[in-house]
Each structure stands twice: as structure tokens, then as C-alpha cells.
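Data first, discussion second: the structure below is written as C-alpha cells.
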Amino acid sequence: MVAPSAALGRSGVRVARSGHNPRPTPAERLTQPARQPYEDAANRAAATSGVRSAYEGARPLAVDAAAGAGAGAANVYAEENDWGPLAQGAAVLGGGVAGAAGSRALVEGAPKVFNYVVRDRLPDPSVPADPTTGAQPSRATTQRAKRMAQDAAEDPRGAADTLEQRAQGYREADMPAPAAGGLSNDEGYAGLEREMRKETPSRFQRQDRRVEQAASDQVRSLSPGDDVNARASTEYVSDDVRARQGAAQARVAGSKTAVADAEAAERSQADELAANRGTGDAASETIDTEFKSTLDRERAEKNRQFEAVDPNRDVMRPIDPLAQAAQDVKDNLSALAPTNRVLPRDFVNRIDALVPKYHTRAVDTGLFDESGQPITRSETVNVGGPGEAAFADINALRAPLSDAIAQARRNNQGALVQSLERLKGAVDSETARLAEEGGPAAERAAGALDNYRDRYAPRFVEGEGGKFRRDLARDNPAANPPTKTAGRFLRSGVGSKEAAADLQRILEVSDNPEQATQAARQYLLDSLSGVVGSDGKVSPVRLREWVDKRRGALDSFPGIRDEIRTLQQDVMNKRDATTRLQRELEQATGDMKRTERELQDSALSIMVDADPVVAVRRVFGSKDPKAAMREITRRVSPDKAASEGWRKAVADYLAQTVTSGQTAKTAEGGRPASLSQLSDLFEKHTDVLTEVYGPEQMNALRRAQMAVEDLARSQQGKAQSTTTAEDVARMLRYAEIGLKGTFGGLRGGNMFRNLRLAIKTIPGLDSDAKAAEVVRQSMFDPELAAHLLRDPVPPARRAGWNRRLMGLLGLSEGAREGAEAED
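Its first residue numbered 30, the sequence shown is counted upward by one per residue in our numbering.
As C-alpha cells, this is what we get:
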């Protein structure tokens, strides 16, 4: 099918070139650029080997060749009928399109022709209607628009993602978005926007003015209001600076007085504590007296109760439990010299006499045996003690046993000590056995035991009280002076808690418990007076160490403990107060000196009697703008009018600095934001602005910068060749110049208008214009722009030589576009 089409094209060319004129006719010269590529392509396609490859390779060429054949036939017909040059040229154009359309049906079949004629001309539901005309673009138009957008973009998908993200930012900020080319951040797609701006500049300019106005509004939004007085900030700082030196001097004087009073309070407290110094000996003597008197009373009561168990010496108890223990004592008596100094002999004999001693003897029966000898029998008799003793006698062993044990300890006779202790334990056990048997004596024994275990032993047998009692029993007063008694119980170190608890138990049953407790308090206060230092003040460190060492002793006397804790807290409070006041004095003195320096070189000095905007300019021009802005902002923050005035001054400075005077560029005649000045501001002073403005205001500046950046990007894209219609328009401009130059302005103009009307009827040329309008519409609709950039488009199959013809005339683009969409 390629060969007939090619032949038809070649015959059309030959016919068009035949004639009797020695020179090419004007029609031949006009159509020669259009015919030559098709003739050459047809010859190359005819030589292709292989049916399938020839078909696939020549299918688009066949359409082009048929277009050339139709153009040649139209040229011959025009020459034979003596048409004029202009009519002959129009016939060539019309014949080319007719040949292309006819060849499509032969090459591609009826279904594809149907798609081209019917389906691709149906409205595309994926694209919104034109907001100005309400017309819905066709599928073919949408495909052209997609190809136009994607061919222009350097990275179509990346451009779609970017413009969607940036458009979302504008929607969230409730700002109009710039055209899609600038939003995409794609140089090629921005170039496409620039080309469209040339065709319909007013529409883009209106949007630009709205965006410029929005950016300007973002800058103006930084101001707290037109009714705010910016000068209130400089006036406030000026008054503050002038008053600071006097206030600093007053603070120094007040701090000095406060420190003197605090130190006097500390010394007074120390004087009260030092007054207890030297009272410890008297307090210890009081405790000694109370201990000994209480010991005598409690010991007498203990003895009385035990003696009352067997007042008539008729409560008999078996001696067996004591016998073995007594034998152990007798076995160790040899270690004592002389014995009667440790254990009286009559006491030993008494124990021995109580133990039964059985003896076997022969007793005469009064009978005689056969030999006449007397007959005797063996008889066991008790020749010792009765085997029992009165409980009163057993109880009487307690005192001498205690004395014997003490003496054995002094003599370092350990084995004897153990024997005597076992014997004394047997005596105690006998009392316990009696208490368990019942009866009046048992009740008295139980009472005596309870008194001993619960009252006497915890105070005067166990612990420090028992040790002191035993030391006193040694009859060595020099080793136990009364002035040292309190120190035995109220000491520091290991066992201090237990010793103090022993004293507390003794004093609570003393004759004068309150007086005794007061003596313990006085003894501790005397010891505590040592924490007063040479400076006449209580040392918190030494006080804490003293308390830590005697914490156990203090816990046994809650009243004294709480008093000392209160004293300790009061000492700490007074010392903290003095320390704090001294620091305040140092701070006040430093503040006074700093105030004097600040009047000369601080950031506040630039505010004194200055114009607010000038003050802001000085801040940005200072050595450390961030620190200067922070200092001023912090200084004016306590005063609402001054704080708002400062923000107004900064906003006025920004309005003058980052906007230009081209008020016509905005929709409402405001000063538009300047990209270079905004960029310079953010590059140098973002951290400065954050000192006076919060995130919301900083975001307003960033939104303004974003808007002007996107607008500027639209003007920086490289130029793009957009549509075939542009090429045709360019050709028509050349044709208009030639016609008017050849036939005159009136006739040539009429001929040009007729030519334009004829060309408008050619299928495909208006399709490019419609596609361009869809792309233009997408420039103001980010969602549509993203759709055109991202949606896949079938690749166009074009011969390399086809561009030349399309660049010159743009004749058969409409006829071929349907086929490319199917591919």
C-alpha cells in the first residue's frame, strides 16, 4: 500500500513540475519546500525490504507521501485552469491535507479513522472545562496538551510533584498561587510559561499582581496595627535607661543594709548557743544522781519481789538442777586463791549439804548360818542432804553469785566465770519452773520474773545501764566520775543509738524524769556549742557533722532531736539568707557598674531619643544584630505599648527595606515585595528576626519570599517552541509581507485574509491552539498542570525530515495526530 501512495506522490510532484515554462512557476516555488521531503521519503520507503518492516516503517511516511501527492495534483489542476499564484498556493495546501486524510483510511483502516474522527473528538472528562468559555477539551486536545507540557519540562514527574507541594503551601496560607511554571521549579516548564505569557500577557499579569499583593500583605501583616505608636518603644527605653542608674544605686544601698541585718541575726543566734558552753558537767552530774537513785530503788524492788515468793521458807524445790552446776563451781575453785574470798566456804558446804549422798552398808539380821556365822544384808542409806531446799535459800544465792562472777571477771578467770554463770542460770531457771507450776507461790514468782525481765533487766542488766551498774559495783569511783556519766550514754560513734536508748529508758522511770531529760538536753547543747566558729557565727558544716555523729542519740530523745533540727534549719536559713543577700549586694554592685557601661556601648543606647525605624536600622547594622535585637526586645517586653511599638518599628523598617516602589505591580497598589531584598534579609538576618517575631510572623516572611521566588522563576525559564500553530503563524507573517509587497496593501491584504480563512479550515491547526489553551488554563490550575505533566502520553512517531515541513507549513499535523495517539 506504500508503493501506490508513493507513486501517487511522485506523479503529483512530476505533474506539478511539468509545463512549458522554462522557469519554475510561482506555485512551484511556493510548494517546492513542501513537496521535496515527501518525494525523497517516498523513494526511501519504497526501497525498504520486508513486508512487515516496510509497512511499519512506511505507515507514517505513506500519510506524508499522500499529502505530497495531493498537493501536487492540486498544483497541476490550478495551472491547467490558469489560477493565480495565491489561489494556486491555497490549492496546494488543501490538496495536501486531503491526500493525507485519504491515505489514513487506506493505511490504518476504518477503526483508527473512526477513533481519529469520532472518539478523539469527544470531551475529555479528566480535564475541567475552560472557565471563560465553558468548553470541554477533547481527548485529542488533551493528549496534545500533555505532550506539549511534558516535552517542555526537563523532568515532568518531578515538576508535577514540586508544583503540587508548593501549591498546597499556598492553599494552607490562603494565598493565590503564581502560575504553574514558576511553581514547578523546572526550567523547561517555566520557559513554556514564559512563551504563553507573550501570547496572553494580561491574564498572567493579573495573577502576578494578585500574588505580589499577597506577598506584600504578608510583609505588612508583621505590623501589630496602624494605630500602634512605634515611638513608644524608644521613649520607654529612653526613660528606662535614664532611671536605671539611680535604681541600681538604691539597690546597692538596700543590699548593704540587708546584709548587715542578716549577719547580726546569725551572730545573735550563735550567742544564744554559745551561752550553753560549760554546762555539760553539771548536767552529767544530774544524770548520774538520777541513775544511781533509780538503780537503788529498782534493785530494792526487784529483790523484794523475789524474796516475797517464799517468805516462810516452806516452798521446797528439788536440788538436782543446781547440783551439777555447783559441782562445776567446786571443780574450778582450785583456780581461786584464796577460795573463801570468792565463794564463802559455808556457802559451798551449804550447796554440798543439800545434795543427797547414798551409802551401802551391811546390816545384821539376827540370824546365823549353818556354820554359826551371823547373816547380814546390804542396805542403801542417804548419808547426805535431803535433796531439796527452800526457794528462799535458792533465791539467796543470787547476790553472792553475782559478786563471785564480777570477781572472777576481774581476775580473768574465764572458766570459773562460765561455771558461776551456769549456776546462776540454774537459780533463774528454778524461779521460772516454779512460776509455771501454779499456786500462790507460782504467781508471786511470775510477778517477780516479769518485773525483772520487763523493768529491771533492760535498764540495769543489759546494755550501757547494765555495764555502768557493774562498773559501779567494782567500788572504783575514780574510774566513774559523775561528770562522765552523761558521756557514757550521750556519745557519738558505734553504739550511740543503743546507749542513748538505755538512758532514755532509765530516766523515764526516775524520780524526776523531766529534770533528768532537761539535763540530757543541756549536756547536748553544751557539746553543740562547739559548732560556733571564730567569726561568731554557727558553722552549718560543723553543725551538720555534729548532728550526723549523734543522730542515733538524738533519735532516743524526740523532743531534743526536734529542737536541734529546728535550730539546724534556722541556722541554714539564716546562712542562706546572708549568702543570698551578699550575692544580691554583689549583683547590685555589678548591675550598677554595668548600667554605666551600657549607657555608653549597649544596644539600648541606640534607642535613646532615636527615630524608631532608624533604631531598627542601627540594630541590623550593629556588630551583633541578634544580640542587640534580643536585648531590646527583652527590655521592652514588660510594657505592652513599648513591645508593640518595637514590633511596629521593625515592621515599618521591613516594609521600607524588602519592598519596592513599583506600586502598579500589586493588585491594590501596595508596595510589592522584592525578591533580592527578601533573600538578602533571610540570608543575613533570619536569626535576628526570630528574636522579635514568633513562628507565625516568620512564616509570613517566608511565604512572601516563596511567592516572589516563584514569580521570578517564571521569568527565568529558557524559551520553548510550543505549537505548530506558532510556526504557521510565523509563515503567515512572512506571507503577509510578501503579498502586500507584491500586490499592494489593499489587494495583498484581501488576498492574505482569504488565505487565513482557508488555512483555518485545515484540520489539526486549530487543535494545537486548543491544546495550547488547555496548557495555558493549567498554568492557573496546579491540579490540572500536575495531571498534564504526570499522565502518560503515547510516544509520537515522527521521521526526522518531518520536522522541516512542519516547521514551514504545519499542514498535516492534525491528520497524523490521531495515529500517533493510537501508537
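All C-beta atoms, glycine included, are put in the ideal place defined by N, C-alpha and C. Keep in mind that this is a model prediction, so the values were computed, not measured.
{"Item": "Which residue spans inside the segment 443 to 481 form an unbroken alpha helix (DSSP H) run of at least 4?", "Value": "443 to 466, 469 to 480"}
{"Item": "Suppose contacts are defined by Cβ-Cβ distances below 8 Å. Is L740 in contact with L730 by that definition?", "Value": "no"}
{"Item": "Helix, strand or coil for L396? Go by DSSP, reduced to three states.", "Value": "strand"}
{"Item": "Please tell me whether A529 and I316 are closer than 8 Å, where the distance is taken between their beta carbons.", "Value": "no"}
{"Item": "Counting only the same chain and skipping the five closest in sequence on each side, list residues whose C-beta sits under 6 Å from that of V288.", "Value": "L610, Q611, L614"}
{"Item": "Identify whether E417 lies in helix, strand or coil by the three-state DSSP scheme.", "Value": "strand"}
{"Item": "Closer than 7 Å by C-beta to A158: which residues in its own chain qualify, once you throw out the five before and the five after it? Chain order, please.", "Value": "A164, Q165"}
{"Item": "Excluding the five sequence neighbours on either side, which residues of its own chain have a C-beta within less than 8 Å of the C-beta of S267, listed in chain order?", "Value": "M636, V637, D638"}
{"Item": "Under a three-way DSSP split, which group does A276 fall into?", "Value": "helix"}
{"Item": "Tell me the rounded alpha-carbon separation between P347 and E491.", "Value": "30 Å"}
{"Item": "CB-CB under 8 Å to D483, same chain, minus the five flanking residues each way: which ones, in chain order?", "Value": "none"}
{"Item": "Could you check if L501 belongs to the surroundings of the ligand PLP, using beta carbon to heavy atom distance under 7 Å?", "Value": "The model on display carries no ligand, and the ligand PLP is accordingly not part of it."}
{"Item": "Could you compute how far the alpha carbon of P4 sits from the alpha carbon of F397?", "Value": "Since the first residue shown for the chain is 30 and the last is 852, residue 4 is missing from the structure and cannot be characterised."}
{"Item": "Let's test the definition: count the other Cβ atoms within 10 Å of the Cβ of L838 and tell me whether it reaches 16, buried, or not, exposed.", "Value": "Confidence is the limiting factor: at L838 the pLDDT is only 36, short of 50, which leaves the residue's position unreliable, though a coordinate-based value still follows. The residue in question, L838, is buried, as its Cβ has 16 or more Cβ neighbours within 10 Å."}
{"Item": "Within a Cβ cutoff of 7 Å, which residues of the same chain sit near R742, ignoring the five residues on either side of it in sequence?", "Value": "G211, N214, A219"}
{"Item": "Measure how close the beta-carbons of S525 and A582 come, nearest whole angstrom, since I'm counting them as under 8 Å.", "Value": "5 Å"}
{"Item": "List, from N- to C-terminal side, the alpha helix (DSSP H) runs of 4 residues or more that fit wholly inside the segment 521 to 604.", "Value": "525 to 537, 542 to 557, 569 to 578, 580 to 584"}
{"Item": "N424: buried (16+ other C-beta within 10 angstroms of its C-beta) or exposed?", "Value": "buried"}
{"Item": "Candidates N441, R664, P641: which alpha carbon is nearest S631's?", "Value": "R664"}
{"Item": "According to DSSP, simplified to helix, strand and coil, what is I404?", "Value": "strand"}
{"Item": "For M345 versus A419, is the C-beta spacing smaller than 8 Å?", "Value": "yes"}
{"Item": "When the distance is taken between beta carbons, is T607 closer than 8 Å to A291?", "Value": "yes"}
{"Item": "Contact defined as beta carbons within less than 8 Å: I believe Q685 pairs with V642. What is the distance between those atoms, to the nearest angstrom?", "Value": "7 Å"}
{"Item": "How far does the beta strand (DSSP E) with P429 in it extend, from its first residue to its last?", "Value": "No beta strand (DSSP E) holds P429; the alpha helix (DSSP H) holding it covers 427 to 439."}
{"Item": "In whole angstroms, what separates the C-alpha of A657 from that of A815?", "Value": "46 Å"}
{"Item": "If I'm right that E459 touches I434 with Cβ under 8 Å, what's the distance once you round it to whole angstroms?", "Value": "Their Cβ separation, rounded to whole angstroms, is 18 Å, which puts E459 and I434 out of contact at 8 Å."}
{"Item": "What does the Cβ neighbour count give for G674, buried or exposed, with the cut at 16 atoms within 10 Å?", "Value": "buried"}
{"Item": "In terms of residues, what are the limits of the alpha helix (DSSP H) holding P811?", "Value": "811 to 819"}
{"Item": "Would you say S322 and T514 are within 8 Å of each other, going by their C-beta atoms?", "Value": "no"}
{"Item": "Have a look at G254, A678, K652 and flag the residue whose alpha-carbon is nearest the alpha-carbon of A644.", "Value": "A678"}
{"Item": "Could you please give the first and the last residue of the uninterrupted alpha helix (DSSP H) stretch that includes M345?", "Value": "Per DSSP, M345 belongs to no alpha helix (DSSP H); it is in the beta strand (DSSP E), 345 to 347."}
{"Item": "So, S521 versus R579, is the Cβ gap smaller than 8 Å?", "Value": "yes"}
{"Item": "On the criterion of 16 or more Cβ atoms from any shown chain inside 10 Å, does V392 qualify as buried, or is it exposed?", "Value": "exposed"}
{"Item": "Exposed or buried, E493, counting other C-beta atoms within 10 Å across all chains shown (16 or more means buried)?", "Value": "buried"}
{"Item": "Report yes if the C-beta distance between V600 and L452 is below 8 Å; otherwise report no.", "Value": "no"}
{"Item": "Around the Cβ of R176, are there at least 16 other Cβ atoms within 10 angstroms (buried) or fewer (exposed)?", "Value": "buried"}
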